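Asker: Have a look at this one.
Numbering (the working numbering), first residue to last: 8 to 311.
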């Protein structure tokens with residue numbers, strides 16, 4: 008239950024009492040429907056300047072040029088998790104049409120589930136994600152797998168709060184799928200000599216693709232609907248793309264990880280998803296594997 012809402016900044020403080028009442032009530036209704044979320048979060052900060060609020064709460068300033076959160080971010084402090092929201096977004100959502108409010112409720116629902124899953128992972132001793140940190144190769148890839156796990160779990164658990172106009176991120180997924188082969192080919196043509204840089208850039212693009220795919224797969228699993236039942240055209244486009252051979256298998260693997268409870272089952276499911284991650288690299292003409300010393304071995308190859 009939310010017990011404290013703090014508003015920071017002249018604009019948001021002017022409507023602070025109303026914001027506090029509405030946020031507490033929205034959280035109460037979400038937790039009433041989703042009892043697993045009750046008690047996971049007690050404090051929300053709503054700020055005119057989100058990055059500044061994050062720094063004031065102890066987060067290091069973002070490096071120049073870094074992507075910074077623009078809507079919501081949860082900080083895990085000694086006193087407990089704190090959800091920080093961007094004030095203008097909150098005011099716009101709460102003072103707009105029903106559809107805008109519905110989208111905000113879904114966002115809040117998702118953030119509460121992110122907190123729940125994070126706390127559950129800590130309680131289960133999964134914060135370190137196992138001995139894979141001893142391997143440079145795994146230390147680069149496993150965070151992507153864990154991000155996919157989180158995206159899938161959140162979207163799967165929040166389908167009941169989906170707004171009526173939600174597109175399940177399918178259009179964004181297709182945009183990413185369409186853009187990736189050309190972006191990778193250009194990178195190979197201009198930067199293949201810098202293998203470290205090529206790996207970092209490629210991993211960033213592929214991680215974005217797979218996290219988006221996991222988010223979409225979670226929605227589909229929660230709705231118990233295949234893509235074809237929502238949009239036959241989008242289903243055909245995914246199948247015909249370089250990502251098509253990985254799509255169905257990835258859904259099965261994410262479902263297995265979602266249901267896994269024993270440490271051995273969790274690790275096996277993680278390994279399967281990591282294997283798919285490597286296969287996506289291969290489909291884009293990048294051969295990636297673990298080097299003999301546990302590092303990263305990358306070489307341009309033939310897409311397939």
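Even for Gly, the Cβ is constructed at its ideal location relative to N, Cα and C. Keep in mind the model is a prediction, meaning the values are calculated, not measured.
What span of residues does the beta strand (DSSP E) with residue 219 cover, start to end?
Answerer: Where residue 219 is concerned, there is no enclosing beta strand (DSSP E), although the alpha helix (DSSP H) it sits in stretches over 202-230.
Asker: Looking at residue 284: is its Cβ nearer than 8 Å to the Cβ of residue 152?
Answerer: Yes. Within cutoff.
Asker: So what's residue 9 in DSSP terms, helix, strand or just coil?
Answerer: The answer is coil: DSSP assigns residue 9 none of H, G, I, E or B.
Asker: DSSP three-state call for residue 114: helix, strand or coil?
Answerer: Residue 114: helix per DSSP, three-state reduction.
Asker: Determine the contact status of residue 77 and residue 57, defining contact as a CB-CB distance below 8 Å.
Answerer: Taking 8 Å as the Cβ cut-off, residue 77 and residue 57 qualify as a contacting pair.
Asker: Hey, how far is the Cα of residue 124 from the Cα of residue 62?
Answerer: Distance between the alpha carbons of residue 124 and residue 62: 24 Å.
Asker: Less than 8 Å between the C-beta atoms of residue 118 and residue 84, yes or no?
Answerer: Going by C-beta atoms, residue 118 is not nearer than 8 Å to residue 84.
Asker: Considering only residues of the same chain and omitting the five flanking positions on each side of residue 190, which have a CB-CB separation below 8 Å?
Answerer: The answer, listed in chain order, is 212.
Asker: Over the uninterrupted alpha helix (DSSP H) stretch that includes residue 256, give me the two end residues.
Answerer: Its alpha helix (DSSP H) spans residues 251-266.
Asker: If we count the other Cβ atoms within 10 Å of its Cβ and call it buried at 16 or more, is residue 155 buried or exposed?
Answerer: Buried: at least 16 other Cβ atoms inside 10 Å.
Asker: State the start and end residues of the unbroken alpha helix (DSSP H) segment that holds residue 151.
Answerer: Residues 143-164.
Asker: Hey, how far is the Cα of residue 303 from the Cα of residue 250?
Answerer: If you take the alpha carbons of residue 303 and residue 250, they lie about 23 Å apart.
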